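Visitor: Have a look at the structure that comes next, please.
Protein chains: 2
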Amino acid sequence: MSRNITQLKRALTPEQKSDRRDTLLVTAKTLFMDAGYEGFSMGLLSKRAGVAKGTLYLYFGTKEEVLLSLYSLELERFCSELTAGISSVMTDAEFISRIYETSVSDPLFLALHARLGTVIEQNISVDALIISKRAMAKQFHAMVNQLSGPLNLNSEQTLSALSGISALLTGSFDGASRQAFEGENIPEDVASFMGHFDLKTRFEKSAGYILQGIRASRC
Amino acid sequence: MSRNITQLKRALTPEQKSDRRDTLLVTAKTLFMDAGYEGFSMGLLSKRAGVAKGTLYLYFGTKEEVLLSLYSLELERFCSELTAGISSVMTDAEFISRIYETSVSDPLFLALHARLGTVIEQNISVDALIISKRAMAKQFHAMVNQLSGPLNLNSEQTLSALSGISALLTGSFDGASRQAFEGENIPEDVASFMGHFDLKTRFEKSAGYILQGIRASRC
DNA sequence: AAATTTAATGACTGGCGGTCATTTGTCAAG
DNA sequence: CTTGACAAATGACCGCCAGTCATTAAATTT
């Protein structure tokens with residue numbers, strides 16, 4: 503008879519394997535929080551999870567597949583947090599502020615989102631990519647369904663808005679991701695220039711214009 | 503007396519060192535074109551340039567400093583190509599199309615631009631970062647000066663537009679950078695979803711809204 | 001010609017992602 | 001209860017990487 507995974511030293515059934523994969527992802531998240539993207543390694547993950555390095559590769563094809571799976575979870579979290587308890591109507595400003603707050607409320611989300619295409623997906627098998635894209639599509643459609651009403655836009659417009667805003671998030675985070683130097687003395691001219699690349703203001707400003715533009719093209 | 507660098511086996515004067523650094527960057531560009539971002543390594547660069555690996559580190563602090571220097575050159579190229587021969591007035595659509603064409607006309611630009619903050623600048627000394635940011639500021643101000651007239655926007659508006667558009671470029675490129683699988687058979691639903699993340703359409707659409715929004719906030 | 005300076009070298013290190021022959025936990029058959 | 005089959009788990013191992021530094025030698029100065 504099949505016992506609980508925690509009592510076994512091996513995962514045998516598909517359910518047990520799935521459970522083990524999930525717990526590996528939970529550990530991976532704690533590692534990512536402590537070490538950041540650059541400090542995340544399979545060696546550290548295997549130590550922290552208490553398994554051999556080879557074991558990780560039974561559950562994930564590459565390191566990036568771990569991170570992509572982490573991103574899928576983050577996107578789910580983002581989607582449900584974004585759509586939880588929204589009222590039936592919503593101003594653009596409310597919506598954008600909500601997107602921003604939901605994005606930054608878990609530090610993993612933007613760190614992964616901003617590296618999705620250029621880094622993470624560069625080392626992913628086609629099969630894993632298809633699974634991931636399908637999961638993303640599901641989340642996007644869920645958001646479209648839940649948001650198009652409150653935003654008073656049709657589905658196509660809502661998807662277009664989300665697409666633009668998603669790109670903007672990536673770009674705004676990228677510009678702000680080399681955080682400025684605790685205590686380092688930055689010359690005034692450089693500091694002033696870098697001030698134009700603050701995540702929140704840069705994102706919210708352009709996001710507002712995008713929504714406004716989509717709204718104007720309604721007719 | 504100081505001779506030409508090509509006749510010497512060593513760079514002694516500051517000018518000779520600067521020349522050698524420049525030729526290393528030229529070689530680095532050819533390597534990047536052949537190998538791409540992921541395939542770019544200091545070992546390959548040293549081989550192709552005909553110098554020892556240690557020599558590279560006399561001219562660049564890290565691999566990312568090579569790439570950041572490459573990006574600076576690309577940004578210069580972008581800036582001058584973007585502003586070369588523009589007429590005194592310009593529609594938003596013309597401007598945006600010009601930005602797009604100038605971006606894609608050299609394959610290095612977007613590949614580096616989209617990884618600038620999240621990857622490249624993560625392994626750069628503060629000193630090198632300050633130099634780079636100052637160079638970027640110079641290019642941005644040059645673009646603002648040359649474009650605000652033709653766009654009929656004030657300086658602040660133009661800078662704001664460039665900032666938003668820059669973020670949008672990063673995000674749009676990221677979403678399209680896992681190019682789709684020569685010959686791989688992608689399921690219809692996934693292919694259709696990924697169709698929403700085409701670089702050109704995604705960029706131009708939102709960029710248009712941003713300009714439009716900035717124009718509307720003129721008064 | 002000798003001494004000085006310092007650019008250039010490349011063997012070396014530690015750590016990485018990823019592999020695979022071997023070990024061993026688990027279950028089912030006799 | 002024993003035996004055999006299966007496959008999950010292991011960790012030593014591989015090749016590659018970024019980056020270092022004691023040593024070498026090219027150029028200039030004395």
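In order, the protein sequence lines correspond to chains Y and Z.
Counting from 503, one number per residue, gives the positions in the first sequence under this note's numbering.
Counting from 503, one number per residue, gives the positions in the second sequence under this note's numbering.
All C-beta atoms, glycine included, are put in the ideal place defined by N, C-alpha and C.
Here the structure is a predicted model, which means the values were calculated and not measured.
1) Kindly list the residues whose CB is nearer than 7 Å to the CB of Y711 of chain Y, restricted to its own chain and excluding five residues on each side of it in sequence; keep chain order.
2) By DSSP, does S708 of chain Y sit in helix, in strand, or in coil?
3) Taking 8 Å as the CB-CB cut-off, is L560 of chain Y touching chain Z?
4) Kindly indicate which residue of Z:N687, Z:M544 and Z:R550 has the alpha-carbon position closest to the one of G563 of chain Z.
5) If you measure from the beta carbon of Y573 of chain Z to each beta carbon in chain Y, is any gap under 8 Å?
6) Would you say G697 of chain Z lies against chain Y (beta-carbon separation less than 8 Å)?
7) Straight-line CA distance for E576 of chain Z to Y539 of chain Z?
8) If the cut is a Cβ gap below 7 Å, which residues of chain Y does P689 of chain Z touch?
9) Could you name the residues of the same chain whose beta carbon sits closer than 7 Å to that of F705 of chain Y, not counting the 5 residues immediately before and after it, in chain order?
10) Under 9 Å, CB to CB, which of the residues in the region 511-529 of chain Y have a partner in chain Z?
11) Straight-line CA distance for A513 of chain Z to D521 of chain Z?
12) Compare the C-alpha of D676 of chain Z against each of Z:L546, Z:T529, Z:V591 and Z:V621 and name the closest.
13) What residues of chain Z sit near G563 of chain Y, judged by a beta carbon separation below 9 Å?
14) Does the count of Cβ pairs from the region 653-669 of chain Z and the region 712-719 of chain Z closer than 8 Å reach three?
15) L570 of chain Y to N687 of chain Z, Cα distance in whole Å?
16) Quick one: does P652 of chain Z have its CB under 8 Å from some CB of chain Y?
17) Under 8 Å, CB to CB, which of the residues in the region 655-674 of chain Y have a partner in chain Z?
18) Taking V692 of chain Y as the reference, which of Z:S650, Z:F642 and Z:P609 has the closest Cα?
19) Against chain Z, with Cβ distances strictly below 8 Å, would D608 of chain Y count as a contact?
20) Thinking A637 of chain Z and S574 of chain Z are a contact (beta carbons under 8 Å), I'd like their distance in whole angstroms, please.
21) Between the beta-carbon of I489 of chain Y and the beta-carbon of E567 of chain Y, is there less than 8 Å?
Guide: Reading from the atomic positions:
1) none
2) helix
3) no
4) Z:M544
5) no
6) no
7) 15 Å
8) I632
9) The residues are Y602, L670, L671 and S674.
10) Flagged: no residues at all.
11) 9 Å
12) Among Z:L546, Z:T529, Z:V591 and Z:V621, the Cα nearest to that of D676 of chain Z is on Z:V621.
13) Listed along chain Z is no residue with a C-beta nearer than 9 Å to that of G563 of chain Y; the closest approach is about 15 Å.
14) Judged by Cβ distances under 8 Å, the region 653-669 of chain Z makes contact with the region 712-719 of chain Z, as three or more pairs qualify.
15) 21 Å
16) no
17) L661, S662, S665, G666, S668, A669, L670, L671, T672, G673 and S674
18) For the residues Z:S650, Z:F642 and Z:P609, the minimum Cα distance to V692 of chain Y belongs to Z:F642.
19) no
20) 5 Å
21) Look at the range of chain Y in this structure, 503 to 721, and you will see that residue 489 of chain Y is not part of it.
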